[in-house]
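Sequential numbering of the sequence shown, starting at 0, is according to numbering that gives the first Met the number 0. Notes follow the structure.
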Amino acid sequence: MPCCSIFIATLKSSSWLRYLSTMFPPVGFLSYNILLRLLFRSNALMSQEESEMKVLLASQSERRRQLLKKIVPEFIIDAPWVEEILDERIPAEQIAMMNAERKAKNVASKHAGEDYTIIAADTIVVVNDKILGKPADKNTAYEYLKILSGSWHRVITGVCLMKVDENKMIIDFDTTFVKFRNLSDEQIKTFLEKETFYDKAGAYAVQELDDDFVEKIKGSYDNVVGLPVEKLKNLLNLLENLDITEIYDIALPNIWGIGKKNEKIIFIDHTVPGDTVWFYVAKDKGSFAYGVNCGIKKYSEFRVNPECPHFGRCGGCSFQNLNYKFQIELKKKYVIETLARIGKIKLENEIPVIESPLIFNYRNKMEYAFGSHNGKIVLGLRERQNPLKRYRGSVNNIEKCLIFSDIVEKLFPVSIRYVEENPFSPYNPFTKNGLVRHLVIRRGINTAEFMVIFVTKSGINRNIEKLAESMVGVVPEIKSFWWVENDQISDVVNYQQKHLIYGNQFIEETLFDYRFRIYPETFFQPNTKAAEKLYGVIVSMAQEVHPESVLGLFCGSGPIEILLSRISHSVTGVDNNPSNIVVAKENCDINNITNCVFHCISAEQFLKNARDRQHKYDLLVVDPPRGGLTNKAMFHLLRVKIPKIIYVSCNVSTLARDLSILMDNGYQLKKFTAIDMFPHTGHIESCCLLEMK
Numbered sequence: 000m001p002c003c004s005i006f007i008a009t010l011k012s013s014s015w016l017r018y019l020s021t022m023f024p025p026v027g028f029l030s031y032n033i034l035l036r037l038l039f040r041s042n043a044l045m046s047q048e049e050s051e052m053k054v055l056l057a058s059q060s061e062r063r064r065q066l067l068k069k070i071v072p073e074f075i076i077d078a079p080w081v082e083e084i085l086d087e088r089i090p091a092e093q094i095a096m097m098n099a100e101r102k103a104k105n106v107a108s109k110h111a112g113e114d115y116t117i118i119a120a121d122t123i124v125v126v127n128d129k130i131l132g133k134p135a136d137k138n139t140a141y142e143y144l145k146i147l148s149g150s151w152h153r154v155i156t157g158v159c160l161m162k163v164d165e166n167k168m169i170i171d172f173d174t175t176f177v178k179f180r181n182l183s184d185e186q187i188k189t190f191l192e193k194e195t196f197y198d199k200a201g202a203y204a205v206q207e208l209d210d211d212f213v214e215k216i217k218g219s220y221d222n223v224v225g226l227p228v229e230k231l232k233n234l235l236n237l238l239e240n241l242d243i244t245e246i247y248d249i250a251l252p253n254i255w256g257i258g259k260k261n262e263k264i265i266f267i268d269h270t271v272p273g274d275t276v277w278f279y280v281a282k283d284k285g286s287f288a289y290g291v292n293c294g295i296k297k298y299s300e301f302r303v304n305p306e307c308p309h310f311g312r313c314g315g316c317s318f319q320n321l322n323y324k325f326q327i328e329l330k331k332k333y334v335i336e337t338l339a340r341i342g343k344i345k346l347e348n349e350i351p352v353i354e355s356p357l358i359f360n361y362r363n364k365m366e367y368a369f370g371s372h373n374g375k376i377v378l379g380l381r382e383r384q385n386p387l388k389r390y391r392g393s394v395n396n397i398e399k400c401l402i403f404s405d406i407v408e409k410l411f412p413v414s415i416r417y418v419e420e421n422p423f424s425p426y427n428p429f430t431k432n433g434l435v436r437h438l439v440i441r442r443g444i445n446t447a448e449f450m451v452i453f454v455t456k457s458g459i460n461r462n463i464e465k466l467a468e469s470m471v472g473v474v475p476e477i478k479s480f481w482w483v484e485n486d487q488i489s490d491v492v493n494y495q496q497k498h499l500i501y502g503n504q505f506i507e508e509t510l511f512d513y514r515f516r517i518y519p520e521t522f523f524q525p526n527t528k529a530a531e532k533l534y535g536v537i538v539s540m541a542q543e544v545h546p547e548s549v550l551g552l553f554c555g556s557g558p559i560e561i562l563l564s565r566i567s568h569s570v571t572g573v574d575n576n577p578s579n580i581v582v583a584k585e586n587c588d589i590n591n592i593t594n595c596v597f598h599c600i601s602a603e604q605f606l607k608n609a610r611d612r613q614h615k616y617d618l619l620v621v622d623p624p625r626g627g628l629t630n631k632a633m634f635h636l637l638r639v640k641i642p643k644i645i646y647v648s649c650n651v652s653t654l655a656r657d658l659s660i661l662m663d664n665g666y667q668l669k670k671f672t673a674i675d676m677f678p679h680t681g682h683i684e685s686c687c688l689l690e691m692k
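Structure representation (structure tokens):
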């Protein structure tokens, strides 16, 4: 290795950096960094001299031009014409990357088909969760520098690399931590007299400062100047060496497209079957790997433009970018394959899949979480867990929700204003700090009645009546407003202490010609119109059986049992949630049903008791939670020997497991129907009829 390279490699080591900074303090921190960068520059140029890449810098910044020259000797410049986004309700890293992407795409539109590699960047300064943009005047610049004085702040640069003619794109960011010394008013005013702050995030350019301003820098110095050169160098190399694959399937119920590299399965984000995509492997797990989508070379014929502006980041929908008919085909395939893989069940006939009557505005309940970004309160859905990112429970801010109701656009501003004015901090499930937790909204699809549930930690009763009044003022259809105190550590909505603040204790929904009451914690199928289809299938299957005595396990508030009361002499409903049983009995009363009885007891215990009493049922309807039947419940069920079973499931995997056990113990699968209760997601409901041989 040449002596110069050995010397540079030695200097790069963190131990030598600490040694030199202590041995030669007169040199100063920034002066020393400048010397070190000059040495790095010559080394970086040597590795890039032979590159034939045609590079276009989408920036007028002189500092970015000089930084890019360190790794790319020749390039052209074409400045973008876009207004930078500074939405403080979005994480700063996302803002920087979004702005970089918008700049790159703007310039790319002027060079369609040309073989340029476009580089765009955007830098943001963040201190104490407050974004410091580019100051419009000297007073604002003065305020920014006063905030930065004596404190640490983050400098975040988003970078977008785009290969125009091949539709390749890589987006990333780098973060550097900077600490300013305590600045005097005289220092700040002297600096501002230069008037170089106008186009600088945070009102400064680090290369224009002396050692009296900056005390420490952790991370890339070039990133603070405006371009993370070392990261950019790696990204350029990555862009030139991307792999390509065709997406042939999707990993339901998750949202990762499936491709291959050298026969290894690669799961790639934000892709759909039929796409041909550029990617790189980010995490290799041995038998499979996770890849990052770096651009669609050929778009699938099944793609559609998503209706929702938040699609792709909010965490609610998975497949708004897929044709709905194709969503159904994917779910059907998923059901067939899962039954075969887990249950070893091969269906002889085609599975009918009933489509949801509504594919937008179909949900009757949503649980939204409070969060914060850059010191601003946000309200939306928590981020999805991603195997390539550390999960932080961040809340993605939304302004509308197309799978629920346009009521979101009216109630969210009222809720956020109330939280900010009091002020309350949002609950963080990791630190366990914060007060406001969730905003739950329920509605009757057929009755147009709304219920709002404001969930907090205990002890914050501060004008909650005013919040209810404000909400009813913008949405008169609100018939019930509850305040719920929940001190549990987990992020689950728990109804520990309920306080009725306004209106009735319940709202009502109608199914067919029956009325059903819905309280805060009442379980009710989340898609009312699709539930009508599901219940129609259940009644149809039951009619073939002509049951005299029906047992319903996990009955919830009793809709299935009440519907089956028309065709059976007696119906028994079982649920271990006391509030569900209370509501089920109320629903019987208001619908004049006299042949239904309900018991608050676990399914396991009831089946054991039924076996001991040798009670006979003609038909069992079981609608368990996602985990399916427990081992104990299955043990007692098999010994009760009910001749006919209708099994309703929201989880195909546990359904396949349970069906396999039932079929190994004398039951035959007679009918199977799937119902799409959750359009634009990877989930599907199943309903099947089994008979004892």
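Beta carbons are placed, not taken as given, at the ideal position from N, Cα and C, and that holds for glycine. It should be emphasised that the depicted structure is a prediction, and the values quoted were computed from it without experimental measurement.
When DSSP assignments are scanned along the segment 160-245, the uninterrupted stretches of alpha helix (DSSP H) that are 4 or more residues long and fall wholly within it turn out to be 184-191, 220-224, 228-239. In the structure shown, the three-state DSSP call for residue 547 is coil.
Shortest Cα-Cα distance from residue 669 to any of 149, 455, 348 involves 348.
Counting other Cβ atoms within 10 Å of its Cβ, residue 475 stays below 16 and is therefore classed as exposed. Residue burial annotation: residue 488 is exposed, with fewer than 16 other C-beta atoms found within 10 angstroms of its C-beta. DSSP places residue 316 outside both helix and strand once states are collapsed to three, so it counts as coil. Shown here for residue 207: same chain residues with a beta carbon closer than 7 angstroms to its own, the five before and five after excluded, namely 195 in chain order.
Your pair residue 276 and residue 258 checks out as a contact, with CB atoms roughly 7 angstroms apart and the cut at 8 angstroms. With at least 16 other beta carbons inside 10 angstroms of its own, residue 365 counts as buried. Check the Cα spacing between residue 61 and each of 434, 108, 120, 92: the tightest is with 120. Comparing alpha carbon positions, the residue from 659, 673, 382 closest to residue 391 is 382.
Looking only at 632, 526, 645, 652, the smallest Cα-Cα distance to residue 358 is reached by 526. In the structure shown, residue 520 falls within a coil segment according to DSSP collapsed to helix, strand and coil. Per DSSP, reduced to three states, the secondary structure at residue 421 is coil, with no helix or strand assignment.
The segment 247-262 and the segment 219-231 do not touch, with fewer than 3 CB-CB distances between them shorter than 8 angstroms. Taking C-alpha positions only, residue 548 is separated from residue 614 by approximately 10 angstroms.
With respect to the C-alpha of residue 514, the residue from 296, 531, 356, 451 having the closest C-alpha is 531.
In the structure shown, residue 676 adopts coil according to DSSP, grouped into three states. For residue 635, the enclosing alpha helix (DSSP H) stretches over residues 630-639. Counting along the chain, the unbroken beta strand (DSSP E) around residue 379 starts and ends at 375-381. Counting along the chain, residue 121 sits inside the beta strand (DSSP E) bounded by residues 116-126.
Note: residue 569 is bridge-paired with 548 in the DSSP secondary-structure output. The Cβ atoms of residue 485 and residue 454 lie closer than 8 angstroms to each other. Distance from the CA atom of residue 303 to the CA atom of residue 270, rounded to whole angstroms, is 12 angstroms. Assignment of residue 646 by DSSP, reduced to helix, strand and coil, places it in the strand class. The beta carbon of residue 305 sits closer than 7 angstroms to the beta carbons of 319, 320 from its chain, once the five residues preceding and following it are set aside; these are given in chain order. Residue 65 sits in a helix when the DSSP states are folded into three classes. Remark: fewer than three beta-carbon pairs, one from each stretch, lie closer than 8 angstroms, so the segment 91-99 and the segment 199-206 are not flagged as touching. The C-alpha of residue 536 is placed about 27 angstroms away from the C-alpha of residue 609. Annotation for residue 366: the continuous beta strand (DSSP E) segment containing it runs 364-372.
Per DSSP, residue 293 is not a residue of any alpha helix (DSSP H); the beta strand (DSSP E) it occupies stretches across 287-297. Take the alpha-carbon of residue 87 and the one of residue 369: they are about 15 angstroms apart.
Annotation: the continuous alpha helix (DSSP H) that includes residue 663 extends over 651-663.
Within a 10 Å sphere around the beta-carbon of residue 179 sit 16 or more other beta-carbons, which makes this residue buried.
When rounded, the separation of the alpha-carbon atoms in residue 355 and residue 137 is 58 angstroms. Per DSSP, the beta bridge partners of residue 685 are 648, 673.
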